[in-house]
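Residue numbers for the sequence shown follow the working numbering, so the first one is 56 and each next one is one higher. All residues carry an ideal CB built from backbone N, CA and C; glycine is no exception. Comments concern the structure below.
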Amino acid sequence: MIQRLTEMNLPHFPLLSDKEMMLNLHAAKEGDAVARERLINCNLKLIFNLVQRFAHRGYEIEDLFQIGTIGLIKAIDKFDFTYGVKFSTYAVPMIIGEIRRFLRDDHPIKVPRSYKELVYKVNRARDELSATLGREATIGEIATNIGVDRDEIVAALEAIQSPTSIYDTLYQDDSDPIYVLDQLSEEKGFDPSWFENIALQEALDKLPERERRVLLMRFFEDKTQSQIASLLQLSQVQISRIERAALHKIRQLSQINDRSDLVNLDSTPLD
56 MIQRLTEMNL
66 PHFPLLSDKE
76 MMLNLHAAKE
86 GDAVARERLI
96 NCNLKLIFNL
106 VQRFAHRGYE
116 IEDLFQIGTI
126 GLIKAIDKFD
136 FTYGVKFSTY
146 AVPMIIGEIR
156 RFLRDDHPIK
166 VPRSYKELVY
176 KVNRARDELS
186 ATLGREATIG
196 EIATNIGVDR
206 DEIVAALEAI
216 QSPTSIYDTL
226 YQDDSDPIYV
236 LDQLSEEKGF
246 DPSWFENIAL
256 QEALDKLPER
266 ERRVLLMRFF
276 EDKTQSQIAS
286 LLQLSQVQIS
296 RIERAALHKI
306 RQLSQINDRS
316 DLVNLDSTPL
326 D
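Structure follows, in structure tokens:
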């Protein structure tokens, strides 16, 4: 009888401290196979915990665990020390993204009826609130209006929309368009998992250093624009412009199929 993968029978390895993690990452980058294996083994529990989010999707946990391991290996190979974040901060969206790509490409996920009904209510409330307020309603305002938790709305929108739906235009006049992502980023408690569907890791690699730092602090370290402005000794308005420019570039990168074209997106200086 085949034994199912559980936390109890998962191989157990001692956890690495942040310093040990970085030392092993450096060694792995230099071709140390032992360090690479150690990084994989010490993060098996992380993969297992993340895989639980995708239970009851019609796939064996063991299969999803293998896919998650591929995501972990990619994170080890692509980790950039200049990001200034913990390895786990970088690895989690890589692992989840790999699993979601597998689920999306292998078999389209059916959207629950309850999500479809909720999105209908959200769209109706958004139209009504926008007419009343004279501007586009935020996710938080819509949640309050229909009496539903904000996280439920985010989950429903994520499930029913295409992978790049966070870049759908919500509103546009003579100025820059406002995307779904702009509304979400203004809400407290922005969920970085929204980035998983647009290959954030690859896109970040193509951004200029300053834009990359701003996005990492904004969406992975949960810092406000004011806090980032203080750290970088810039104004809040400048940070807002840098963030918008970086998100626009990521939107462009997500739509490019020819990987050779990625290097042609030059940075526009923002003073």
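Reduced DSSP category for residue i - H, G, I as helix; E, B as strand; rest coil
{"i": "residue 210", "result": "helix"}
{"i": "residue 71", "result": "coil"}
{"i": "residue 291", "result": "helix"}
{"i": "residue 109", "result": "helix"}
{"i": "residue 278", "result": "coil"}
{"i": "residue 307", "result": "helix"}
{"i": "residue 86", "result": "coil"}
{"i": "residue 222", "result": "Model confidence at residue 222 stands at a pLDDT of 44, short of 50, so the residue's coordinates are unreliable; what they give is reported in the following sentence. Helix."}
{"i": "residue 152", "result": "helix"}
{"i": "residue 170", "result": "helix"}
{"i": "residue 190", "result": "coil"}
{"i": "residue 98", "result": "coil"}
{"i": "residue 262", "result": "coil"}
{"i": "residue 196", "result": "helix"}
{"i": "residue 114", "result": "coil"}
{"i": "residue 139", "result": "coil"}
{"i": "residue 203", "result": "coil"}
{"i": "residue 134", "result": "coil"}
Presumed contact (8 Å Cβ cut-off) between residue i and residue j, rounded CB distance
{"i": "residue 131", "j": "residue 80", "result": "7 Å"}
{"i": "residue 273", "j": "residue 283", "result": "6 Å"}
{"i": "residue 196", "j": "residue 212", "result": "At roughly 15 Å, the Cβ-Cβ gap does not stay under 8 Å, so residue 196 and residue 212 are not in contact."}
{"i": "residue 120", "j": "residue 103", "result": "6 Å"}
{"i": "residue 360", "j": "residue 262", "result": "Beyond the ends of the chain as shown, which are 56 and 326, falls residue 360; an answer cannot be given."}
When the options are compared against residue i, the one with the closest alpha-carbon
{"i": "residue 280", "options": "155, 86, 298, 263", "result": "298"}
{"i": "residue 122", "options": "151, 92, 188", "result": "151"}
{"i": "residue 191", "options": "202, 208, 138, 178", "result": "178"}
{"i": "residue 148", "options": "176, 125, 137", "result": "125"}
{"i": "residue 173", "options": "70, 295, 202, 263", "result": "202"}
{"i": "residue 83", "options": "290, 118, 134", "result": "134"}
{"i": "residue 155", "options": "186, 106, 199", "result": "106"}
{"i": "residue 100", "options": "70, 118, 296", "result": "70"}
{"i": "residue 269", "options": "194, 170, 139", "result": "139"}
{"i": "residue 286", "options": "306, 208, 265, 158", "result": "265"}
{"i": "residue 171", "options": "210, 193, 189, 198", "result": "210"}
{"i": "residue 97", "options": "117, 67, 294", "result": "67"}
{"i": "residue 193", "options": "159, 181, 278", "result": "181"}
{"i": "residue 175", "options": "208, 189, 199", "result": "208"}
{"i": "residue 259", "options": "116, 305, 168", "result": "305"}
Residue-level contact to chain C via CB, residue i, 8 Å cutoff
{"i": "residue 178", "result": "Here chain C cannot be found, since the structure has a single protein chain."}
Give a yes or no on contact between the region 73-83 and the region 133-145, applying the rule of three or more CB pairs nearer than 8 Å.
-> Three or more Cβ pairs closer than 8 Å define a contact, and the region 73-83 meets that threshold against the region 133-145.
Would you check if there are 3 or more beta carbon pairs closer than 8 Å linking the region 82-89 to the region 104-118?
-> Taking 8 Å as the limit for Cβ pairs, the verdict is that the region 104-118 does not touch the region 82-89.
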